[in-house]
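Take a look at the structure below.
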Amino acid sequence: MKKFVLYTAIYVSLGLLFVAIGEFYLWRFKESVSIKKVAEIQSSATKELYYGRQILGNSLSTYKYEMWMKTQPKVLVLGQSVTLQFRDFMFEPYQDDFYNAGLMVRNLKDLKHVLKMLENDKVKRPDLILLGMDFSFVLKENVLDDLYSITDLPEDRAINVQSHFKGYQQLFLNGSLREIPDLNVGFGKAGMIGRGYRNDGTYRHLPEIEQYVLEATYQDGGLSNKLYTNESPFLANMQFDDEKATQVFEILNGFKNLGIELLLYVPPYSDQFYKIATEHTGFAAFWPEFIAFQEGLKESNFDVISFTTPSQMGLKDDYMVDAEHPGEVLCAIQLMRYVKESSTQNKMLKTLTFSRVQQLLDAEYTLPISFLHDSVSVPLRNKIPSNN
Amino acid sequence: MKFNSVEFLVFFVAAFVLLWRTSKSLSLNNWILLIASYIFYGWWDYRFLFLMFISSLVDFAVGYYIPKSKHKKLLIAASLVVNLGLLMFFKYFNFFIESTQDALNAIGFASNLHVLQIILPVGISFYTFQTLSYSLDVYKGRIKPEHNFISFLNYVSFFPQLVAGPIERASSFLPQFRKARVFNYSQAVDGLRLFLYGFFKKMVLADNIGLRVDAIYANPENYSTASLIAGCMLFFVQLYADFSAYTDIARGVAKILGFELIKNFKTPLFSKSIPEFWARWHISLTTWFRDYLFIWLAGLNRNSTVWRIIATIILFLVIGFWHGANYTFILFGLLMGLYFIPRILARKNKPIREALNFLNTNIVASKFAMLFTYILLSLTGVLFRSPNISHAWNYYGLMFQSNTSALDGFTLEILPMTVLFLVYEWFMQHKDHPFDVSDFAPWLRRTLYVFMILAILLYGYFGKEPFYYFQF
Chain D
-19 MKKFVLYTAI YVSLGLLFVA IGEFYLWRFK ESVSIKKVAE IQSSATKELY YGRQILGNSL
41 STYKYEMWMK TQPKVLVLGQ SVTLQFRDFM FEPYQDDFYN AGLMVRNLKD LKHVLKMLEN
101 DKVKRPDLIL LGMDFSFVLK ENVLDDLYSI TDLPEDRAIN VQSHFKGYQQ LFLNGSLREI
161 PDLNVGFGKA GMIGRGYRND GTYRHLPEIE QYVLEATYQD GGLSNKLYTN ESPFLANMQF
221 DDEKATQVFE ILNGFKNLGI ELLLYVPPYS DQFYKIATEH TGFAAFWPEF IAFQEGLKES
281 NFDVISFTTP SQMGLKDDYM VDAEHPGEVL CAIQLMRYVK ESSTQNKMLK TLTFSRVQQL
341 LDAEYTLPIS FLHDSVSVPL RNKIPSNN
Chain F
20 MKFNSVEFLV FFVAAFVLLW RTSKSLSLNN WILLIASYIF YGWWDYRFLF LMFISSLVDF
80 AVGYYIPKSK HKKLLIAASL VVNLGLLMFF KYFNFFIEST QDALNAIGFA SNLHVLQIIL
140 PVGISFYTFQ TLSYSLDVYK GRIKPEHNFI SFLNYVSFFP QLVAGPIERA SSFLPQFRKA
200 RVFNYSQAVD GLRLFLYGFF KKMVLADNIG LRVDAIYANP ENYSTASLIA GCMLFFVQLY
260 ADFSAYTDIA RGVAKILGFE LIKNFKTPLF SKSIPEFWAR WHISLTTWFR DYLFIWLAGL
320 NRNSTVWRII ATIILFLVIG FWHGANYTFI LFGLLMGLYF IPRILARKNK PIREALNFLN
380 TNIVASKFAM LFTYILLSLT GVLFRSPNIS HAWNYYGLMF QSNTSALDGF TLEILPMTVL
440 FLVYEWFMQH KDHPFDVSDF APWLRRTLYV FMILAILLYG YFGKEPFYYF QF
């Protein structure tokens, strides 16, 4: 028996060594810090921190939900990835009572759930919600409808054994993943170098910004290819869903009834992409109905930042991170113009000062894609070529 | 509890220590084993422990009273009703309701029969057959009844083979609970080898191949003919690697704890005919049906070839249906039964017998027979893998379209690994089991162990994929 146990132990130790090395790297990259812990630290941090797990995965809905619970802000941003550039300082003087929960709500089911939580006082009601109103909410066939969401939060991968083993495999098979980064400003391999979710919930697009600093060219990000190949959501038979549209109205009225002020944001497309999209059979049939839906929202006295493209604002596609994601500068300009130029009755919006935004817009280092405002972005300012 | 989970590893280490610590007291040892088995099963859903207990209790009582009773038939009928009743209700109830509804609708009767939300208890197809075989054997006088209830409960619930077999027979398995177990180094090492090889097959081969096959079967219209053919051919490798992995782990765990389970596979993918395949695949199930159904059925008209064909088709329809309440399995079983016709005809037809003999023995022809059998199996396997008949039909249609574009990258990636596995099994097919490396040089043996462990750690799928046969 002893001999058997001893021999077995020798082989088991091989596995344990594998686990130990893997765990060391996960610990070193702060990938294994649980979301609860990350949320606890980020929600009370006074310095910039980023959350971006490159090896274990972000368990994003869970992370955003946990952060929302921790912050329970006056100004809350909801929606898909297109809302992730609305930053705290854009909502001055409420910058310290702000959270961008972009990507927490992925579909109507999620949005309804948030409404129910607010109705039942399970969480503090925000005074203002900026809701990213992209077309996925009213699209008949929407892959996002099947996603894990806040009604069924995915398990935090930092506390999931299987995810750890998958992480070890990546670490052992991909040498570049084991390289220790120069920076240490966050949680996770990506977060450590400042690629990930900031304390206010917004996302820092690091490679895109770095590339723009060097080349100053607009990148499509592969969205046009989706059009060409009829890949979801740009199916050949894209259909507007009237039933979903009715539900959207009901939910929005539900928020209003709770005394929450709403600002709806219909995200822009780059000019280059929009031009191609209007020639796509499915998109061309769907889009007028979506725009009519947007107009319907306005007629129902909702505050709506309408669909646009950079050129309609006198800007270029450089202000987009890619074809569908507006950059932070563009978001700031859109928000500021809307508040200043519209006759909104929204009390919260009327009190926004935009002094910091104006300061940053005037700064010489501000690029169309980024304010280069974060402390980790400061070194990038020196890399901007003189002709950029 | 799944074998491929951390919970199981912890549970098994605890069970190993406790069981060997108490091995001198058989009674205590059997109690601990029983508790361990019930924890193992209850981990999945404790509510169904009651079902297993009821099934065990009924057959223990039936077995106990049969020798003394004048109403033997009544008792055995009670066992059949309870066990098959449980199986019918949990596994087939909704199927029968839906089929009845379809039939009524087809002849113009509008009906609205309600299906029930029934969870299929894991392993029910296995343990009901195991406990039923005990009663049938006692009834036939093949074995004497067990008088120790704990031993009998252990026989039904023995955790390594509880969920997906092999389906043990009381004659060989029950006696193992009656004698004190003594640790045997060679047996334990062999068990560990099976354990390791099982995990390798499950995590490195079956799950990785499964990811590809699942993707192809989920959206066959997105794949080229080449990928669809690859998906069809790879499925039986996945199924074999998956199911035989479970058996290997079960046998390995049993050996480490001092038990012996029967062999369930004899490298079936190298069979030269479908009848040979069924003699080498899921042996514990096919022999069960042979002993308790086919011998009786065929014996009703022993001399008629036509009746033997009918009996074989009935046998395989039942085997197909055992796999699941779905027309795909029934059709799969029907085809398997039909593939037996040449062999049945050969019993009384010399030219056919000689032709089959030639295919079996000729060195070149036998390889073609092997390839042909595998292709036939894989093509029929589309039915086994598809969720319904129309999906299978669609898959066949797409597979035989003229779109012959290249294999997708992921499928190409797993092909070398699959071929390597089959080559390895080919060379090891005459061993007691494919990882019986006891006669290898120590350095080679140890290198193989390290290779297996590293392969599992680096390439194993750590996604908690359940064993394929759990659904049956």
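Residue numbers (this note's numbering), protein chains in the order written: chain D, -19 to 368; chain F, 20 to 491.
The C-beta atom is built at its ideal place from N, Cα and C for all residues, glycine as well.
- DSSP places D:Pro247 outside both helix and strand once states are collapsed to three, so it counts as coil.
- Interface criterion met: the Cβ of D:Val141 is under 7 angstroms from a Cβ in chain F.
- Contact with chain D is absent for F:Ala460, since none of that chain's Cβ atoms lies less than 7 angstroms from the residue's Cβ.
- Bridge partners of F:Pro461 according to DSSP: none are assigned.
- Around the beta-carbon of F:Tyr60, 16 or more other beta-carbon atoms lie within 10 Å, marking it buried.
- A straight-line Cα-Cα distance of about 60 angstroms links F:Met20 and D:Met293.
- When only Cα atoms are considered, F:Ile329 and F:Ala97 end up about 28 angstroms apart.
- For D:Asp180 against D:Asp68, the beta-carbon gap comes to about 4 angstroms, under 8 angstroms, which counts as contact.
- Cβ-Cβ distances below 8 angstroms link F:Ile293 to Met355, Tyr358, Phe359, Thr392, Leu395, Leu396 in the same chain, with the five nearest sequence neighbours on each side left out; the list follows chain order.
- Taking CB atoms only, F:Phe192 has no neighbour in chain D less than 7 angstroms away.
- Under the 7 angstroms criterion on CB atoms, D:Lys(-18) is classed as non-interfacial with respect to chain F.
- Of D:Gly276, D:Gln34, D:Pro348, the smallest CA-CA separation from D:His305 is found for D:Pro348.
- D:Val57 carries a strand assignment under DSSP once its states are collapsed to helix, strand and coil.
- Residue-level contact by beta carbon fails for F:Ile328 and chain D, as no gap is shorter than 7 angstroms.
- Taking a beta-carbon distance threshold of 7 angstroms, F:Ala374 does not count as an interface residue toward chain D.
- Under the three-state reduction of DSSP output, F:Ile138 falls in the coil class, being neither helix nor strand.
- Chain D has a Cβ within less than 7 angstroms of the Cβ of F:Ala207.
- Between D:Lys236 and D:Thr63, the alpha-carbon positions lie close to 20 angstroms from each other.
- Taking C-beta atoms under 8 angstroms as the contact rule, F:Val256 and F:Ile281 fail to qualify, at a distance of about 23 angstroms.
- Just so you know, the alpha carbons of F:Phe262 and F:Phe486 end up roughly 7 angstroms apart.
- Where F:Val232 is concerned, the enclosing alpha helix (DSSP H) starts and stops at 226 to 237.
- Separation of F:Asn345 and F:Met107 (C-alpha to C-alpha, rounded to the nearest whole angstrom) is 13 angstroms.
- Using a Cβ-Cβ cut-off of 7 angstroms, F:Ile433 does not count as an interface residue toward chain D, since no Cβ of chain D sits closer than that to its own.
- At a beta-carbon threshold of 8 angstroms, the residues of chain D lying near F:Tyr468 are Tyr(-9), ordered along the chain.
- Here the C-alpha atom of F:Phe115 lies approximately 11 angstroms from the C-alpha atom of F:Phe109.
- Neighbourhood of D:Leu153 in chain F, by CB distance below 7 angstroms: Leu477, in chain order.
- Exclusion of the five residues before and after D:Met70 leaves Ala312, Leu315, Val337 as the residues of its chain whose Cβ lies within less than 6 angstroms of its Cβ.
- By the criterion of a C-beta distance shorter than 6 angstroms, F:Trp62 is surrounded in its chain by Met20, once the five residues flanking it on both sides are discounted.
- Taking 8 angstroms as the upper bound for CB-CB distance, D:Glu72 and D:Leu332 are in contact here, some 6 angstroms apart.
- Restricting attention to D:Leu157, D:Gln219, D:Asp297, D:Val319, the CA atom closest to the CA of D:Leu310 is found in D:Asp297.
- Shown here, D:Met97 sits in a helix according to DSSP, grouped into three states.
- Scanning chain D for C-beta atoms nearer than 8 angstroms to the C-beta of F:Ile472 yields Tyr(-9), Leu(-6), Gly(-5), reported in chain order.
- Using a Cβ-Cβ cut-off of 9 angstroms, D:Lys146 is close to Tyr480, Phe481, Gly482 of chain F, given in chain order.
- For the pair D:Glu188 and D:Val358, the Cα-to-Cα distance works out to about 16 angstroms.
- With respect to D:Leu(-6), F:Ile472 sits close: the two C-beta atoms are nearer than 7 angstroms.
- Close partners of D:Thr(-12) in chain F (Cβ separation under 7 angstroms): Leu211.
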